[in-house]
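Asker: Those protein sequence lines, which keep their order, are chains A and B. Each residue of the first sequence is one higher than the one before, starting from -5 at the first, in the numbering used here. Each residue of the second sequence is one higher than the one before, starting from 171 at the first, in the numbering used here. Virtual Cβ for every residue (Gly too), placed ideally from N, Cα, C.
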Amino acid sequence: MASSSHTRATVEMQQRDAVYPRESPLRRPAVGREIIGRILPPLMALVTVVALWWMVHLVFPRLLPSPLSTFRGAVRLLSEGGFFFHMIQSLRRVFVGSTVAMVFSVAVGIYMGTVVMGERFFQPLVVLGLTIPGLMWSLIAVMLFGINEIAPYFAVAVTIFPMLVINIWAGVKALDKELIDMSHVFHFSPWLKISQVIIPQLVPNIFAATRYGLGLAWKVVVVVEMFGTSNGVGYQVMKAYQIFDMEAVIAWTLTFVAAMILIEYGIINLVEQRVTAWRPKVEVWRR
Amino acid sequence: MARLQVRNAEKWFQRETGQPFKVLDGLSFEVREGCVTVLVGPSGCGKSTVLNAIVGLERLDRGELVFFNHDGQSQQRPLIGYVFQGPRLLPWKTVGDNVRLALRGAGVAREKWEDRVQRYLALVGLEEYVTQYPLYLSGGQRQRVGLARALAIESDLVLMDEPFASVDELTARQLRETTRRLCEQLHRTVLFVTHNLPEAAYMSDFVVALTARPACVEACIDNPLPCPRRWGPEIYRFAADLEAKLSLREEAEI
Ligand SMILES: Nc1ncnc2c1ncn2[C@@H]1O[C@H](COP(=O)(O)OP(=O)(O)OP(=O)(O)O)[C@@H](O)[C@H]1O
Ligand SMILES: [Mg+2]
């Protein structure tokens, strides 16, 4: 019995040695230190914000509720029945709107970066789109489509589309011509060229665009919900505003921010690590 | 029998100022079937440009390229294996996947992929690196993956642009031997660019020497050495012969 567990332990040791051979100076990083290094900096950022907020609250107690009572308000929100319903409504609008914008912007961005006539055609439109505020699109969307789900999808997609296009277009202009030539020589089909050669080079731009787009999309969704829907976070914030409930306004905002942070760390970061696994980590200024 | 004829090829490029200059000046030569034709010439004379035109990455301004099939009839541009001057691997694909993608592009049946990947990576001594990403390989190793990829599609015309320039001399000798043996046994037609004369002497059946820019053919020389080739003093003797006949100087003016 004892000997079998002993052998199992040795086998495990040997397996570990196979990855980090004994004579190698490279050591597996200590797990505790790794976790602290990852969690401490963002935590400190959070603490700083809360501390500043508290100070403002101490100076103007009427104006700004304290972090603690707001936090309690947020917890109360969470335990209420309607919370998840409204949150999911808003998140769905954010996602559908940004996905639509993403698909179109990748297509148009690639077209603009590769075809001169495409660039000349779309460039003024993109600049025009950039200057139109999201609020304007929200109003137009609700007036056009009425109070239904098309309005927020449309407003989100149209508002963030120009920003995404600019990002993707810049990436396409920086594509490596030598690799595209290579794919041409080996007779890659158009689909192979796009999926294996072009899109992978655009990954950093696509991630930047996604982060940027999601942040912007949520701002637009909240605005549309304030006057164009009868549910969602924006609708709830509007209700709180009408009874001048500052605590509820901030609490709703906080929960939505928390949801976006969860998406950033829980989904986007993980996916990004996955698809950029081939790239040695850049650690120029890190120790 | 010719596999490919380059006839009166003329190519112009533009400087950044827009001023045009001639790179290829009425170049004519042929690539014989089942032979290794070596293209030598001073740096910057337009050797890579010739290869790029042959695979269709550049368009000739005058002159034509004529490809022939095995029956001697002219045909469309066939599938061509190309070892680029740099490795040109997709860094987000493993070494094995880089070769597989070329096989897929070239229309090789899926059942044959694994065998080809294994065989050709073993040929260049990289069978252990199938699942590695290119950025974790050395420069010479990457270049060898490029060689494996170009050979794996088993096209009967292969272009190689200084394929062993970034590999150490001993490995380079092995690779030359492997490549040469493969061409002799499988009757691949190869157009091989180099500026290393002993390499030209060893690899070639036929040497085409270009002048400095604008390039035209300075000499076509048959290689008298016997097949199968062996590395030895007669290689260096032929290389010295070549050197005496050619004016391989750097381009005079920019
Ligand atoms: N796309 C381009 N635009 C303008 N000039 C070019 C372009 N490509 C090549 N050239 C010029 O054409 C000439 C020939 O280039 P090429 O790459 O064919 O030379 P090479 O013979 O392969 O040289 P090397 O032995 O150094 O590889 C060079 O003078 C180069 O400056
Ligand atoms: Mg060259």
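For T207/B, report the span of its beta strand (DSSP E) as first-last.
Answerer: In the second sequence, counting from the first residue as 1, residue 207/B sits at position 37. T207/B -> beta strand (DSSP E) spans V206 to V210.
Asker: M330/B by DSSP, collapsed to three states: which one?
Answerer: Translated into the one-based positions of the second sequence, residue 330/B becomes position 160. M330/B: strand per DSSP, three-state reduction.
Asker: Would L196/A pass as an interface residue toward chain B - the criterion being a Cβ-Cβ separation below 8 Å?
Answerer: Counting from 1 along the first sequence, the entry for residue 196/A is found at position 202. The beta carbon of L196/A does not come within 8 Å of any beta carbon belonging to chain B, so the residue lies off that interface.
Asker: I want to see whether chain A comes within less than 8 Å of F254/B, judged by CB atoms only; does it?
Answerer: Counting from 1 along the second sequence, the entry for residue 254/B is found at position 84. Taking Cβ atoms only, chain A reaches closer than 8 Å to F254/B, which makes this a yes.
Asker: Relative to chain B, which residues along the stretch 95 to 123 of chain A have a C-beta separation below 7 Å, given in chain order?
Answerer: none
Asker: Counting only beta-carbon atoms, is Q189/B nearer than 8 Å to chain A?
Answerer: To locate residue 189/B, count along the second sequence from 1; it is residue 19. So no, Q189/B is outside the interface.
Asker: Please work out which residues of its chain come closer than 6 Å, Cβ to Cβ, to R185/B, disregarding the five sequence neighbours upstream and downstream, and give them in chain order.
Answerer: Counting from one through the second sequence, the residue named residue 185/B turns up at place 15. For R185/B, where only same-chain residues beyond five positions count, there are no Cβ hits under 6 Å.
Asker: Taking Cβ positions, are A370/B and L412/B nearer each other than 8 Å?
Answerer: On the second sequence, position 200 is the one that residue 370/B refers to. On the second sequence, position 242 is the one that residue 412/B refers to. Yes; because the gap between Cβ atoms is below 8 Å, this pair is in contact.
Asker: Run through DSSP, which three-state label would Y303/B get?
Answerer: Stepping through the second sequence from its first residue, residue 303/B is reached at position 133. Correct three-state label for Y303/B: coil.
Asker: Does the stretch 272 to 280 of chain B come close enough to the stretch 174 to 184 of chain A to have 3 or more Cβ pairs within less than 8 Å?
Answerer: These segments touch.
Asker: Whose C-beta lies closer than 7 Å to the C-beta of P156/A among residues of the same chain, with five residues either side of it excluded?
Answerer: Indexing the first sequence from 1 puts residue 156/A at position 162. Excluding positions up to five away in sequence, the list reads V120, G123 and L124.
Asker: Kindly say whether A274/A, judged by its beta-carbon, lies nearer than 8 Å to any beta-carbon of chain B.
Answerer: Walking along the first sequence from the start, residue 274/A turns up at place 280. Just to set this straight, residue 274/A is Pro in the shown sequence, not Ala. It does; some Cβ of chain B falls within 8 Å.
Asker: Contact between the stretch 281 to 291 of chain B and the stretch 260 to 271 of chain B is defined here as three or more beta-carbon pairs at a separation below 8 Å; is this criterion met?
Answerer: yes
Asker: If you reduce the DSSP assignment to three classes, tell me which class L169/A lands in.
Answerer: Indexing the first sequence from 1 puts residue 169/A at position 175. Correct three-state label for L169/A: coil.
Asker: Give every residue of the same chain whose Cβ lies closer than 8 Å to the Cβ of R312/B, excluding the five residues on either side of it in the sequence, and list them in chain order.
Answerer: Here residue 312/B refers to the residue found at position 142 of the second sequence. If we look at R312/B and ignore the five residues flanking it on each side, its Cβ neighbours are P257, L259 and P304.
Asker: Cβ of V193/B within 7 Å of any heavy atom in ligand 1?
Answerer: Looking up residue 193/B in the second sequence gives position 23. Yes.
Asker: At a CB-CB cut-off below 7 Å, which residues of chain A make contact with Y303/B?
Answerer: The residue given as residue 303/B occupies position 133 in the second sequence. W272, listed in chain order.
Asker: In three-state DSSP terms, what is A379/B?
Answerer: The sequence position of residue 379/B within the second sequence is 209, counting from 1. Strand at A379/B.
Asker: Can you pull the chain A residues whose beta carbon is under 7 Å from the beta carbon of A272/B, in chain order?
Answerer: As a first step, residue 272/B is located in the second sequence; it is residue number 102 there, counting from the start. By Cβ distance, chain A contributes F180.
Asker: Any beta-carbon of chain B closer than 8 Å to the one on E172/A?
Answerer: Translated into the one-based positions of the first sequence, residue 172/A becomes position 178. Yes, contact with chain B.
Asker: May I have all residues whose beta carbon comes closer than 6 Å to any heavy atom of ligand 2, sorted in chain order?
Answerer: K217/B, S218/B, Q255/B and D331/B
Asker: Go ahead and label P184/A buried or exposed: buried means 16 or more other beta carbons lie within 10 angstroms of its beta carbon, across all protein chains shown.
Answerer: Residue numbering aside, residue 184/A sits at position 190 when the first sequence is read from its first letter. P184/A should be labelled exposed.
Asker: Out of V236/B, W283/B, R247/B and A322/B, which one is the CA nearest neighbour of M171/B?
Answerer: Indexing the second sequence from 1 puts residue 171/B at position 1. When each option's Cα is compared against that of M171/B, the closest is V236/B.
Asker: Looking only at its chain, what residues have a beta carbon closer than 6 Å to the beta carbon of S374/B, apart from the 5 residues adjacent to it on each side?
Answerer: Here the question's residue 374/B lines up with position 204 in the second sequence. Closer than 6 Å at Cβ, skipping near neighbours: V206, V208 and N393.
Asker: Would you mind reading off the limits of the alpha helix (DSSP H) that contains L502/B?
Answerer: Here chain B covers residues 171 to 424 and nothing more, so residue 502/B does not appear.
Asker: Check the Cβ of L186/A against every Cβ in chain B and list those closer than 8 Å, keeping chain order.
Answerer: For this step, residue 186/A is matched to residue 192 along the first sequence. Residues of chain B passing the Cβ test: L271, R274 and G275.
Asker: Taking the straight line between their C-alpha atoms, what separation do you get for I29/A and L264/A?
Answerer: As a working mapping, residue 29/A is identified with position 35 in the first sequence. As a working mapping, residue 264/A is identified with position 270 in the first sequence. Computed Cα separation, rounded: 16 Å.
Asker: So, under 8 Å CB-CB, Y206/A and M220/A are touching, yes? Tell me the CB distance rounded to an integer number of Å.
Answerer: Within the first sequence, the letter at position 212 stands for residue 206/A. Within the first sequence, the letter at position 226 stands for residue 220/A. With a Cβ gap of about 23 Å, Y206/A and M220/A do not count as contacting.
Asker: Just the Cα atoms here: how many angstroms apart are G222/A and N142/A?
Answerer: To locate residue 222/A, count along the first sequence from 1; it is residue 228. To locate residue 142/A, count along the first sequence from 1; it is residue 148. Those two C-alpha atoms are separated by around 7 Å.
Asker: Would you mind stating whether S99/A and L208/A have Cβ atoms separated by less than 8 Å?
Answerer: Translated into the one-based positions of the first sequence, residue 99/A becomes position 105. Translated into the one-based positions of the first sequence, residue 208/A becomes position 214. Cβ distance not < 8 Å, so S99/A and L208/A don't count as in contact.
Asker: Rounded to whole angstroms, how far is the Cβ of V387/B from the Cβ of S198/B, which I believe are closer than 8 Å?
Answerer: Numbered from its first residue, the second sequence carries residue 387/B at position 217. Numbered from its first residue, the second sequence carries residue 198/B at position 28. Confirmed, about 6 Å.
Asker: Locate the beta strand (DSSP E) running through W272/A, then write down its first and last residues.
Answerer: Locating residue 272/A in the first sequence gives position 278, where the first residue counts as 1. Taken as a continuous stretch (DSSP letters only), W272/A belongs to no beta strand (DSSP E), as it is neither H nor E.
Asker: Which value, in whole angstroms, describes the spacing of the CA atoms of A414/B and I193/A?
Answerer: On the second sequence, position 244 is the one that residue 414/B refers to. On the first sequence, position 199 is the one that residue 193/A refers to. Approximately 51 Å between the Cα atoms of the pair.
Asker: Below 8 Å on the Cβ atoms is my contact criterion, and I expect L291/B with L321/B to pass it. Report the Cβ-Cβ distance as a whole number of Å.
Answerer: Walking along the second sequence from the start, residue 291/B turns up at place 121. Walking along the second sequence from the start, residue 321/B turns up at place 151. The C-beta separation of L291/B from L321/B comes to about 10 Å, leaving the pair out of contact by the 8 Å criterion.
Asker: Can you tell me where the alpha helix (DSSP H) holding C353/B begins and where it ends?
Answerer: As a first step, residue 353/B must be located in the second sequence, where it is residue number 183. Residues E339 to L356.
Asker: DSSP three-state label for F250/A, please.
Answerer: Counting from 1 along the first sequence, the entry for residue 250/A is found at position 256. Helix at F250/A.
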